[in-house]
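Everything on this sheet refers to the single structure shown next.
4 protein chains.
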Amino acid sequence: MAKDLLILTTGGTFDKRYPEGQWVTEFTFPPGQESAVTEILRRARMAPEAFACEWLFAEDSTKITDAQRDIIANRCASATQRRIVVTHGTDTMTRRIDPETGKVAATPNTAATIAARKLDKTVVLTGAAQPAVLRDSDTDFNLGLAIGAALMAPPGVYIAMNGLVAPWDAVVKTVVGSFRKFEA
Amino acid sequence: MAKDLLILTTGGTFDKRYPEGQWVTEFTFPPGQESAVTEILRRARMAPEAFACEWLFAEDSTKITDAQRDIIANRCASATQRRIVVTHGTDTMTRRIDPETGKVAATPNTAATIAARKLDKTVVLTGAAQPAVLRDSDTDFNLGLAIGAALMAPPGVYIAMNGLVAPWDAVVKTVVGSFRKFEA
Amino acid sequence: MAKDLLILTTGGTFDKRYPEGQWVTEFTFPPGQESAVTEILRRARMAPEAFACEWLFAEDSTKITDAQRDIIANRCASATQRRIVVTHGTDTMTRRIDPETGKVAATPNTAATIAARKLDKTVVLTGAAQPAVLRDSDTDFNLGLAIGAALMAPPGVYIAMNGLVAPWDAVVKTVVGSFRKFEA
Amino acid sequence: MAKDLLILTTGGTFDKRYPEGQWVTEFTFPPGQESAVTEILRRARMAPEAFACEWLFAEDSTKITDAQRDIIANRCASATQRRIVVTHGTDTMTRRIDPETGKVAATPNTAATIAARKLDKTVVLTGAAQPAVLRDSDTDFNLGLAIGAALMAPPGVYIAMNGLVAPWDAVVKTVVGSFRKFEA
Numbered sequence: 001m002a003k004d005l006l007i008l009t010t011g012g013t014f015d016k017r018y019p020e021g022q023w024v025t026e027f028t029f030p031p032g033q034e035s036a037v038t039e040i041l042r043r044a045r046m047a048p049e050a051f052a053c054e055w056l057f058a059e060d061s062t063k064i065t066d067a068q069r070d071i072i073a074n075r076c077a078s079a080t081q082r083r084i085v086v087t088h089g090t091d092t093m094t095r096r097i098d099p100e101t102g103k104v105a106a107t108p109n110t111a112a113t114i115a116a117r118k119l120d121k122t123v124v125l126t127g128a129a130q131p132a133v134l135r136d137s138d139t140d141f142n143l144g145l146a147i148g149a150a151l152m153a154p155p156g157v158y159i160a161m162n163g164l165v166a167p168w169d170a171v172v173k174t175v176v177g178s179f180r181k182f183e184a
Numbered sequence: 001m002a003k004d005l006l007i008l009t010t011g012g013t014f015d016k017r018y019p020e021g022q023w024v025t026e027f028t029f030p031p032g033q034e035s036a037v038t039e040i041l042r043r044a045r046m047a048p049e050a051f052a053c054e055w056l057f058a059e060d061s062t063k064i065t066d067a068q069r070d071i072i073a074n075r076c077a078s079a080t081q082r083r084i085v086v087t088h089g090t091d092t093m094t095r096r097i098d099p100e101t102g103k104v105a106a107t108p109n110t111a112a113t114i115a116a117r118k119l120d121k122t123v124v125l126t127g128a129a130q131p132a133v134l135r136d137s138d139t140d141f142n143l144g145l146a147i148g149a150a151l152m153a154p155p156g157v158y159i160a161m162n163g164l165v166a167p168w169d170a171v172v173k174t175v176v177g178s179f180r181k182f183e184a
Numbered sequence: 001m002a003k004d005l006l007i008l009t010t011g012g013t014f015d016k017r018y019p020e021g022q023w024v025t026e027f028t029f030p031p032g033q034e035s036a037v038t039e040i041l042r043r044a045r046m047a048p049e050a051f052a053c054e055w056l057f058a059e060d061s062t063k064i065t066d067a068q069r070d071i072i073a074n075r076c077a078s079a080t081q082r083r084i085v086v087t088h089g090t091d092t093m094t095r096r097i098d099p100e101t102g103k104v105a106a107t108p109n110t111a112a113t114i115a116a117r118k119l120d121k122t123v124v125l126t127g128a129a130q131p132a133v134l135r136d137s138d139t140d141f142n143l144g145l146a147i148g149a150a151l152m153a154p155p156g157v158y159i160a161m162n163g164l165v166a167p168w169d170a171v172v173k174t175v176v177g178s179f180r181k182f183e184a
Numbered sequence: 001m002a003k004d005l006l007i008l009t010t011g012g013t014f015d016k017r018y019p020e021g022q023w024v025t026e027f028t029f030p031p032g033q034e035s036a037v038t039e040i041l042r043r044a045r046m047a048p049e050a051f052a053c054e055w056l057f058a059e060d061s062t063k064i065t066d067a068q069r070d071i072i073a074n075r076c077a078s079a080t081q082r083r084i085v086v087t088h089g090t091d092t093m094t095r096r097i098d099p100e101t102g103k104v105a106a107t108p109n110t111a112a113t114i115a116a117r118k119l120d121k122t123v124v125l126t127g128a129a130q131p132a133v134l135r136d137s138d139t140d141f142n143l144g145l146a147i148g149a150a151l152m153a154p155p156g157v158y159i160a161m162n163g164l165v166a167p168w169d170a171v172v173k174t175v176v177g178s179f180r181k182f183e184a
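Right, dumping it as structure tokens:
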């Protein structure tokens, strides 16, 4: 069952690190095509033959472009696997509440882009409130949650965050940063 | 969806700690009815209204009795929730390979006890290779994996370990301690 | 002996955290007058009667002003304790090599400000390459290093970083961010 | 200054790990001559040329023999370095209070063995309340504390534990496991 699993990584808070040097004020992504997912799956003692993991790019989700969203959706479409987990920044993973208006923001989001392809696959997006390198991170739990859901859910595009798993269009990112059910 | 979730804790490696004092050689469970599950779900930023969590007892799984297995199965049966996660020691969670014979050991196991009740519920058992208090623990991932599966899988009794989710009787604990698919 | 110890906290990488919410790109300091030093000394199981700890302010060391440097030096001067540890951002803790010129930068630094007071006290400055909230942080070690030195060294102003303890004017921060001996 | 530092590792709680497999109830030391000290000094970003580190053996301090204590003292005597840190189990690092009598126990201890050599060197013993592999460990702090003291203290044999540094015969391990000043 698990051999059918593909994990795609695209950066986001999940993979942010604290750079060393002088006069540092912003986060960075690690050099090389390396995601924290590798280390988490080692900690999880997951059998290497049970999954494939691919680094697509590392981008802050506030800066992800339409072209990058297409890269993700295209890879989901071309994958031989029918169960896919995508790690992604949380600001444009799915819809969010606009802090100014209190309503759903018009920002483009990756879940919608994937859903538009109407793939007959189970795709679960997850991310992080705190980077994997932090002691108090939610990355290990979230990746587990997404994989558990991806292995068991019927085809569709889902969000797995805050211990919640639901279809992408039934969830929003709130102003304080957590994901909640959303009755449109 | 998530409001339907009950988490039961029963000890095992998941909840073991390192005692302080003098002449210490064995692990202990924390004083009080407290499981590491609470801390992990806080780290996961899971909404409190999304689940109920109950501490049943804290026992090493090599010492769990038939009476204790019945406590677990009874609570699964009486629960109003239809989606249940059980944290449990790994030696008697499901069947294991006997290191002496290389065949499935005859030791009683909790998954079998729950399955015998033929409940119309989704019950997922999980545990840990390394206690939650360790830096390199698999508890956060495993609890996420079990919750993701419990929220999405049809009724049945499942094991969620090593990034694998499968019906309890299709999995064994190997001699080196990991869980693998098992064709009976 | 240890009752003579005062710990002053002033922010820096040591106390930086990763903020949650939307569109986050910079680090923050925790709300309230709270330093990670408290948590580290709890982990260290240090007896509360052995030290006093004071939060002076929380500032990125690239932004510390002359007025803030005076606050630190004044508190060292007024303290009844003769052994003092100061947690501080690393960019202006002592002198640094200018990445442009490869020579010692002219930036003001806090060690020089304290040393100018010619106090008959042992003052040890320390900081962090990675914030205390990170798994791979050097804060626990560095705070221990600084306290061990502060309890044992004769009066003077010292830097304790990278496992090195030396008089402040015999150390520089290098371009890659580590502290090394410097023959002026 | 720091080039004069030798670190000797001898096991103890500091280096204990949680074994995986089946029917596990006791702690183990890692296979190979490897101490957690290596990983901690990497986290501390300590310059490799600043110290030498030697693994002598890995033993629970309740089982250390007179012969093993002599190995430690002999190595301190033969070392070219004049500043030495020893990681050691806490039960026989120095004197302890006997839980039965409430008085100092007659158990042999390593600090006394080293002190009897009357070396003209600074030797600092440290250990751990929680193994280095635990999230809440005191090992990083304690190793820093011992190194800071070893680099600065005059010749003598010292204990560095619980944020305290003092001559070995002025400290005892209490019944609850912490180290405190002791007026003989």
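If you read the sequences in order, they're chains A, B, C and D. Numbering of the first sequence is given in the UniProt record's numbering, commencing with residue 1 and proceeding in unit increments. Numbering of the second sequence is given in the UniProt record's numbering, commencing with residue 1 and proceeding in unit increments. Numbering of the third sequence is given in the UniProt record's numbering, commencing with residue 1 and proceeding in unit increments. Numbering of the fourth sequence is given in the UniProt record's numbering, commencing with residue 1 and proceeding in unit increments. Note that CB positions come from ideal geometry on N, CA and C, so glycine has one too.
Contact check, residue i vs residue j, beta carbons under 8 Å
i, j, result
"ASN142(A)", "GLY156(A)", "no"
"LEU56(B)", "LEU8(B)", "yes"
"VAL172(C)", "VAL124(C)", "no"
"GLY12(C)", "GLN22(A)", "no"
"THR28(A)", "ARG17(A)", "yes"
"GLY148(C)", "ALA116(D)", "no"
"ASP91(A)", "SER61(A)", "yes"
"GLY144(D)", "LEU151(C)", "no"
"GLU26(B)", "GLU26(D)", "yes"
Proximity to residue i [Cα-Cα], best of the options
i, options, result
"ALA67(D)", "ARG42(D), ALA50(D), THR87(D), PRO108(D)", "PRO108(D)"
"THR80(C)", "CYS53(C), GLU100(C), ARG96(C)", "CYS53(C)"
"ASP4(D)", "CYS76(D), MET93(D), SER137(D)", "CYS76(D)"
"GLY89(A)", "PHE182(C), GLU20(C), GLU183(C), PRO167(C)", "GLU20(C)"
"LYS63(B)", "SER78(B), SER137(B), MET93(B), MET46(B)", "MET93(B)"
"ALA111(C)", "GLY144(C), ASP138(C), ALA166(C)", "ALA166(C)"
"VAL86(A)", "ILE97(A), THR122(A), ASP98(A), PRO99(A)", "THR122(A)"
"LEU6(D)", "GLU39(D), ASP91(D), ARG82(D), THR38(D)", "ARG82(D)"
"LEU119(C)", "GLU183(C), ASP60(C), ILE147(C), SER78(C)", "SER78(C)"
"PRO31(A)", "PRO48(A), ALA58(A), VAL37(A)", "ALA58(A)"
"GLN130(A)", "ALA106(A), ASN162(A), ARG69(A), ILE97(A)", "ASN162(A)"
"LYS181(A)", "ILE97(A), VAL37(A), ALA153(A), ALA106(A)", "ILE97(A)"
Minimum Cβ-Cβ distance from residue i to chain D less than 8 Å
i, result
"VAL133(B)", "yes"
"residue 187(B)", "Residue coverage of chain B in this structure runs from 1 to 184, which leaves residue 187(B) outside it and unanswerable."
"ASP136(B)", "yes"
"PRO99(B)", "yes"
is_contact[residue i, chain A] using C-beta, thresh 8 Å
i, result
"LEU164(B)", "yes"
"residue 190(B)", "Only positions 1 to 184 of chain B appear in this structure, which leaves residue 190(B) out of reach."
Through-space distance from residue j to residue i, alpha-carbon basis
i, j, result
"PHE14(D)", "ALA44(C)", "13 Å"
"TYR158(B)", "ARG95(B)", "12 Å"
"ASP169(A)", "LEU164(B)", "27 Å"
"GLU34(A)", "ILE84(D)", "39 Å"
"PHE179(D)", "ALA50(C)", "12 Å"
"ALA73(B)", "THR113(B)", "7 Å"
"THR174(B)", "MET46(D)", "40 Å"
"LEU134(B)", "LEU134(D)", "4 Å"
"VAL132(A)", "THR139(A)", "The sequence as given places Ala at residue 132(A); Val does not occur at that position. Going from the Cα of ALA132(A) to the Cα of THR139(A) covers about 5 Å."
"VAL24(A)", "GLU100(C)", "16 Å"
Bridge partners - residue i, DSSP secondary structure assignment
i, result
"GLY156(C)", "THR122(C)"
"ILE97(C)", "VAL104(C)"
"residue 226(A)", "With chain A covering only 1 through 184, there is no way to say anything about residue 226(A)."
"CYS53(A)", "ILE7(A)"
"ARG83(A)", "LEU5(A), THR122(A)"
CB contact below 8 Å: residue i versus chain B
i, result
"PRO30(D)", "no"
"LEU6(A)", "no"
"ALA2(D)", "Residue confidence for ALA2(D) is low, a pLDDT of 43 falling below 50, so the modelled location carries little weight; the figure read from the coordinates is stated next. No, ALA2(D) does not count as interfacial toward chain B."
Chain C contact for residue i (CB, 8 Å cutoff)
i, result
"THR38(D)", "no"
"VAL124(A)", "no"
"ALA129(A)", "yes"
"ARG96(A)", "yes"
"LEU143(D)", "yes"
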